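K.L.:
Take this structure first; my questions come after.
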Amino acid sequence: MPGCFSDSAKRIRIDTIEDIRRRLLRIYSEKINLRASRSRKKALVNTYLSKLDKLYEAIASSIGRCARLPPLDAVHPFYREIINIATKQKYEDTVRGCRRAIYIITGIMRDYRKKIAKAEDPKEAKRYIREFIGRTLSILKRKVRGLELLKESIKEVGRSPCIEEDLVKIVVAGMPQVGKSTLIARISSAKPEISPFPFTTKKVIVGHGELDGYRYMAIDTPGILDREISEMNEIELKAVSALKHLSDRVVFMIDPRKSSYYSLDQQMRVLASVENVLGIERGKIYVAINKIDIASREEIHAAIDAVQRHGYDRYVLISAKHGTGVNDLLKRVIGIQIN
Ligand SMILES: Nc1nc2c(ncn2[C@@H]2O[C@H](COP(=O)(O)OP(=O)(O)OP(=O)(O)O)[C@@H](O)[C@H]2O)c(=O)[nH]1
Ligand SMILES: [Mg+2]
Numbered sequence: 000m001p002g003c004f005s006d007s008a009k010r011i012r013i014d015t016i017e018d019i020r021r022r023l024l025r026i027y028s029e030k031i032n033l034r035a036s037r038s039r040k041k042a043l044v045n046t047y048l049s050k051l052d053k054l055y056e057a058i059a060s061s062i063g064r065c066a067r068l069p070p071l072d073a074v075h076p077f078y079r080e081i082i083n084i085a086t087k088q089k090y091e092d093t094v095r096g097c098r099r100a101i102y103i104i105t106g107i108m109r110d111y112r113k114k115i116a117k118a119e120d121p122k123e124a125k126r127y128i129r130e131f132i133g134r135t136l137s138i139l140k141r142k143v144r145g146l147e148l149l150k151e152s153i154k155e156v157g158r159s160p161c162i163e164e165d166l167v168k169i170v171v172a173g174m175p176q177v178g179k180s181t182l183i184a185r186i187s188s189a190k191p192e193i194s195p196f197p198f199t200t201k202k203v204i205v206g207h208g209e210l211d212g213y214r215y216m217a218i219d220t221p222g223i224l225d226r227e228i229s230e231m232n233e234i235e236l237k238a239v240s241a242l243k244h245l246s247d248r249v250v251f252m253i254d255p256r257k258s259s260y261y262s263l264d265q266q267m268r269v270l271a272s273v274e275n276v277l278g279i280e281r282g283k284i285y286v287a288i289n290k291i292d293i294a295s296r297e298e299i300h301a302a303i304d305a306v307q308r309h310g311y312d313r314y315v316l317i318s319a320k321h322g323t324g325v326n327d328l329l330k331r332v333i334g335i336q337i338n
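For the sequence shown, counting from 1, position 108 maps to 107 in numbering that gives the first Met the number 0; every step adds exactly one.
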């Protein structure tokens, strides 16, 4: 599998200024052994210089991880959206700030190297070390804003699915309890929790699958695409727009039974909202009328009727639980891509 940003993000640790401050103070208070050297002055200088180096290395490696983050336009739009939401659009500013801060701190470090080299006694050398820490922290505070949000956003990306560009991406949407996770578990490697209680699955789950040599990603969208746009707040809308980039195809599942949690009308309204919010062409939406093993013939017909009345002509009858119609659904969904 080619690398993706979420895999590398798992290994990137972004430090906040507070994290850095604590690390510097720890290094500062580490006991120092005056190195064996012919002259006491030389020993003093070497010891404090090596302490300065250690402090600088800690800063450079920490801020360096931030400074080396890729530009936003180099990452997949799905991650870009997650980052923009989590950093309130401040990602580029923060990364630029890190680059600038390293540059300035490197200059300051060189000045203090010279000062320490000329120090007359341990007290003076120690004072320089303290000054260096103080100036470094104040530069970080002035030049690098938003490290907390950046840290969170990278963690968020690390928790997000690995997006492979060249796979068909199938988003499975629908209201709670219609059988999304059951379908995902049947058609992909993902093992979402399935239960008879609504809102069981709380986060977007991605699985991979293969049919007749065609590999695809299947995405479970719990509690995200089950409401009308008018009910979503801004953050939810933005989170949903991240999903846009994973939606080559949409399978919208319906529970046709009268006893289901939501009426057909409600389910159709949410379908219209999904179409809208994902900005996906109608021709790429498949309606899966699920639970045909327990729905009555009348209920199934009423569902087909509602689906057609709302202008959706691609529907498949399935039982996600028993597998009936699932391969047919998949072939049709992937088939669009093949043709
Ligand atoms: N009889 C029958 N039951 C099904 C079918 N598909 C799903 N179920 C049952 O419906 C319930 C809900 O299934 P889930 O797959 O968890 O539904 P979901 O849409 O993921 O629900 P949320 O995560 O709450 O949004 C479970 O008890 C499933 O076993 C089906 O085709 N036939
Ligand atoms: Mg679920």
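Virtual Cβ for every residue (Gly too), placed ideally from N, Cα, C.
On a predicted model such as this, the values are computed, not experimentally measured, just so you know.
Assign Ile183 to buried or exposed, taking buried as 16 or more other Cβ atoms, counted over all protein chains shown, within 10 Å of its Cβ.
P.N.:
buried
K.L.:
Nearest to Leu43 by alpha carbon, out of Val315, Ser180, Lys117?
P.N.:
Lys117
K.L.:
Please find out if some non-hydrogen atom of ligand 2 comes closer than 7 Å to the beta-carbon of Asp383.
P.N.:
This structure cannot speak to residue 383, because the chain is shown only from 0 to 338.
K.L.:
Could you check if Pro255 belongs to the surroundings of ligand 4, using beta carbon to heavy atom distance under 7 Å?
P.N.:
With respect to ligand 4, the structure offers nothing, as its ligand set consists of ligand 1 and ligand 2.
K.L.:
Whole angstroms is fine: what's the gap from Ser5's alpha carbon to Glu297's?
P.N.:
46 Å
K.L.:
Grab me the residues of Thr220's own chain with a C-beta within less than 8 Å of its C-beta, minus the 5 sequence neighbours each way, in chain order.
P.N.:
Excluding residues within five positions, the ones whose Cβ falls inside 8 Å are Val170, Val171, Ala172, Lys179, Val203, Leu242.
K.L.:
Helix, strand or coil: which one does DSSP assign to Ala73?
P.N.:
helix
K.L.:
May I have the straight-line CA-CA distance separating Asp225 from Ile293, to the nearest angstrom?
P.N.:
23 Å
K.L.:
Should Val177 be listed as close to ligand 1, given that the test is whether its C-beta is under 7 Å from any heavy atom?
P.N.:
yes
K.L.:
DSSP has Asp219 in a bridge; who is on the other side?
P.N.:
Val171, Ile204
K.L.:
Using the beta-carbon count (16 or more within 10 Å), is Arg25 buried or exposed?
P.N.:
exposed
K.L.:
Mapping the DSSP letters down to three states, classify Ile31 as helix, strand or coil.
P.N.:
coil
K.L.:
Cα separation between Cys3 and Glu80?
P.N.:
15 Å
K.L.:
In whole angstroms, give me the CA-to-CA distance for Lys114 and Asp14.
P.N.:
29 Å
K.L.:
Using the three-state DSSP reduction, which class does Pro197 fall into: helix, strand or coil?
P.N.:
No answer about Pro197 holds up, because its pLDDT of 48 lies below 50 and its placement is not dependable.
K.L.:
Output needed for Ser318: all residues of its chain with C-beta closer than 6 Å, excluding positions within five of it in sequence on either side, in chain order.
P.N.:
Ile291, Asp292
K.L.:
Buried or exposed: Tyr102, going by 16 or more other Cβ atoms within 10 Å of its Cβ?
P.N.:
exposed
K.L.:
Under 8 Å, with one C-beta from each stretch per pair, do the region 241-255 and the region 273-287 reach the 3-pair mark?
P.N.:
yes
K.L.:
Run through DSSP, which three-state label would Glu56 get?
P.N.:
helix
K.L.:
Can you tell which of Gly145, Gln176, Thr135 has the C-alpha that lies nearest to the C-alpha of Ser343?
P.N.:
Only positions 0 to 338 of the chain appear in the structure, and residue 343 is not among them; the question remains open.
K.L.:
Helix, strand or coil for Val177? Go by DSSP, reduced to three states.
P.N.:
coil
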